[in-house]
Amino acid sequence: MVAGFFVRYAGIHLPELVLRTAEFGGSGMANLAAFSLGVALRNQRISFDRHLWGGLLLRVVGGFLLGFAGAWIFGLTHEVGIVFVVGSSLPSAVFSYIIIRRYGADAAFSGTMILVSTLLGVCTIPLAFWAASLLL
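If you're matching positions, the sequence shown starts at 82 in my numbering and goes up one per residue.
The following block contains the structure:
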């Protein structure tokens, strides 16, 4: 990251081949993370407990409310505010599962949270767009 900031702000121009290679490598990371999550969840039982529902509520509703507060505080325009609010209430990111596994936290809970929030995203994302467009 430090090298990236240095190259960016020092005005160093990298060859197109280097930029394309880095872009190609980075574009597959989300797919690899989703594959890793799927493989890890293959043998795990998904449990719907109060912690899961609390986390989902916090992620979706809490994210929406914090995004709305941020849009209001910063005086974002209607369209930008909607994008900001919806982005704040998106399902849990699949990359968080990789980080949690790396540091030995409860990967089963995290995986279940990501899976369920992604499935619920089919309904919650359009609902967030609708609610944000009414409120902003």
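Even glycine gets a Cβ: it sits at the ideal position worked out from N, Cα and C.
Where residue i sits in the DSSP three-state scheme
{"i": "R140", "result": "helix"}
{"i": "S128", "result": "coil"}
{"i": "F86", "result": "helix"}
{"i": "H159", "result": "helix"}
{"i": "I154", "result": "helix"}
{"i": "G106", "result": "helix"}
C-beta atoms of residue i and residue j nearer than 7 angstroms
{"i": "S191", "j": "Y178", "result": "yes"}
{"i": "G173", "j": "M194", "result": "The amino acid at residue 173 is misidentified as Gly; the sequence shows Ser. Result yes, Cβ atoms of S173 and M194 sit closer than 7 angstroms."}
{"i": "A189", "j": "R182", "result": "no"}
Residue i CB to nearest heavy atom of the ligand ATP below 6 angstroms
{"i": "D130", "result": "As for the ligand ATP, it is missing from this structure, which has no ligand bound."}
Whole-angstrom C-beta distance between residue j and residue i, which should lie under 8 angstroms
{"i": "L217", "j": "G162", "result": "4 angstroms"}
{"i": "A209", "j": "V166", "result": "7 angstroms"}
With 16 other Cβ atoms within 10 Å as the buried cut-off, status of residue i
{"i": "L196", "result": "buried"}
Closest Cα partner of residue i within the set the options
{"i": "W211", "options": "E160, L118, R126, I180", "result": "E160"}
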